[in-house]
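>
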Amino acid sequence: MNWVKSKYTSFEYLRYILHLPVFIFFVLVPYFSLAQDTVRSTIKVNTSLPVNKNGYRIYPHNKKRIHVIAAGNIAGYGATLVGFNSAWYSKHPKSNFHFFNDNAEWLQVDKAGHLYGAYIGSSASNELWRWTGLPRKQRIWISGLSGIAYEGIIETLDGFSSQYGWSWGDFTANVLGSTLF
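Residue numbers for the sequence shown follow this note's numbering, beginning at 3 and rising by one.
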């Protein structure tokens with residue numbers, strides 16, 4: 003019997019077979035999914051709050067919520083920093099505050115992390131402050147400065163670590179991430 007030799011190895015066939023679920027999940031499932039503009043449900047939705055032109059609810063100014071969010075930010079971020087300090091920085095010896103130019107290091111991936119972290123921190127902070135009913139401009143200032151502060155405190159911890167140091171490049175990425183928000 004004459005067997006025809008295939009130009010593909012069994013590994014290549016297996017690779018194509020393993021790509022099939024990915025193709026189905028990311029291409030076919032969204033294509034055949036049903037999207038609708040109304041939902042028939044027995045759940046009652048509170049429509050008493052006004053909605054702005056972007057579809058966001060407009061919350062009334064609420065001082066109690068402002069105090070809750072302020073305290074939650076301080077307590078939550080403080081606890082996160084204590085945990086982060088004990089999990090990461092406790093493994094490295096401490097030193098006096100110093101600077102380190104890491105702009106040519108790590109293929110700029112750390113800069114992307116700082117930029118994205120500040121952006122996400124600012125965005126999440128903005129949503130929390132929106133719930134308090136603060137005016138938009140005030141929320142933007144508080145949220146933008148919060149994103150810079152969240153990442154800036156980590157940069158300060160870097161400044162006291164002998165393995166790292168305060169990086170102006172990282173700080174610039176923090177400011178840029180909050181500004182992009």
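A virtual CB, placed ideally from N, CA and C, is assigned to each residue, including glycine.
1. Could you pull the DSSP bridge partners for V2 from this structure?
2. Using a threshold of 7 angstroms, state whether the C-beta atoms of N2 and I150 are closer than that.
3. Under the rule that 16 or more other beta-carbon atoms within 10 Å means buried, what is A120, buried or exposed?
4. Classify G195 as buried or exposed, calling it buried when 16 or more other Cβ atoms lie within 10 Å of its own Cβ.
5. Per DSSP, which one or two residues make a beta bridge with W168?
6. Quick check on the burial criterion: 16 or more other C-beta atoms within 10 angstroms. Buried or exposed for E129?
7. Give me the residue from K46, S148, I144, Y118 with the minimum Cα distance to D172.
8. Considering only the alpha carbon of each residue, which of L109, F183, K96, I45 lies closest to S145?
Considering the structure as presented:
1. Because the chain spans 3 through 183 in this model, residue 2 falls outside it and cannot be assessed.
2. This structure cannot settle anything about residue 2, because the visible part of the chain is limited to 3 through 183.
3. Stepping through the sequence shown from its first residue, residue 120 is reached at position 118. Classification for A120: buried.
4. Past the boundaries of the shown model lies residue 195; the chain is included only from 3 to 183, so the question cannot be answered.
5. Mapped onto the sequence shown, residue 168 falls at position 166. Per DSSP, F101.
6. Locating residue 129 in the sequence shown gives position 127, where the first residue counts as 1. Exposed, by the Cβ-count rule.
7. Along the sequence shown, one-based indexing puts residue 172 at 170. Looking at the Cα atoms, Y118 is the closest of the given residues.
8. The residue you call residue 145 lines up with position 143 of the sequence shown. It is F183 whose Cα lies nearest to the Cα of S145.
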